[in-house]
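For the sequence shown, our numbering begins at 361 and goes up steadily by one. Every residue gets a Cβ at the ideal spot worked out from N, C-alpha and C, and that includes glycine. Heads up, the thing below is written out as structure tokens.
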Amino acid sequence: KQILQSVLIPLIMTLVLCIFLILWIIRIEFQPLDQIAQHLSHKKQHLSDAATYLLELKTQNIPKEIQPFVDGLLELIHNLHQSLENEKSFSAFAAHELRSPLTAIKTHVQLSQLMLSQNKHTHDKISFNLKRAEVSIQRYEQLLEQLLLLSKTEIQPQHSSMEFSDVTHTLQQVISDLEQKYPDLSEHLNIDWGSFSTINLPQAVLAVVLKNLIENAFFTCTVYNPYSSVHGK
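Structure, rendered in structure tokens:
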């Protein structure tokens, strides 16, 4: 029994020591990956900042067994980031290029309407067509504004899902901004302000959603049924 104990006790102690030593070595080898994970999860940063950090990351301290995987992942992130930047640049370029022709067309339509209003023999059909053309131009202007906004907006990180916004306050700001463009907007709105509370959504995103919703509903009302109103609840 004494011989068995004298053999097993050192063997067990050696085995436990080897296990702790292996765990310590694994911890040291994978410490760079832990630092990367902590940097990406704890810091509140935009997509471009995170992509820049990963692209500038040095992989010399990464374990050789997983270094090819990390290099391939970084290359994939670089290609994805470049693709997103190209899409944003294209949206901004397209919006800026289309804005000038639309402005010129809108000017010609307004001049034509002014000339028709000064003419005693105004043609109703021409006036109606010009009015529809002006409505179409306003729709395209709205689309261009959305493209410009999209080109300036980055994908929000996951922690933004915890942000709450006041619907009433945001809606009041949106209506105030839209009234500068559509003076008779309030006449077509019927809103139940008491039914609003807070929503789990960033205020910038909520403002874009409300703006698009109100503008689309307002265009539909004014074009197809001028005497109707938009109900909000």
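Per DSSP, the unbroken beta strand (DSSP E) holding L549 starts and ends at 549-551.
Per DSSP, the unbroken alpha helix (DSSP H) holding D537 starts and ends at 527-541. Of the candidates F578, F556, S525, S525 places its Cα closest to the Cα of P562. The shortest CA-to-CA distance from Q427 to any of E389, H438, L440 is the one to E389. DSSP, reduced to helix, strand and coil, places I426 outside both helices and strands of the structure shown, so it counts as coil. A direct Cα-to-Cα measurement between L490 and L433 gives close to 55 Å.
The beta carbons of R459 and L504 sit about 6 Å from each other, so the pair counts as a contact at 8 Å. Residue environment analysis places T530 among the buried positions, since at least 16 neighbouring C-beta atoms fall within 10 angstroms of its C-beta. According to DSSP, residue pairing for I559 in a beta bridge involves S525. Of the residues assessed, K424 falls on the exposed side of the cut-off, its CB having fewer than 16 other CB atoms within 10 angstroms.
Burial state of L383 is exposed, judged by a 10 Å Cβ sphere holding fewer than 16 other Cβ atoms. Taking the C-beta atoms as reference points, A564 is found no nearer than 8 Å to L507. DSSP, reduced to helix, strand and coil, places L490 within a helical segment of the structure shown. Distance from the CA of S477 to the CA of I486, rounded to the nearest whole angstrom, comes to 11 Å. If you draw a straight line from the Cα of H438 to the Cα of I551, it comes to about 46 Å. Distances from the CA of C581 to each of L371, Q473, V495, K541 were compared; the closest alpha carbon is that of V495. Taking C-alpha positions only, F380 is separated from T558 by approximately 51 Å.
In the displayed model, D394 falls within a helix according to three-state DSSP. Here DSSP, grouped into helix, strand and coil, assigns D431 to helix. Shown here, L545 sits in coil according to DSSP, grouped into three states, outside any helix or strand.
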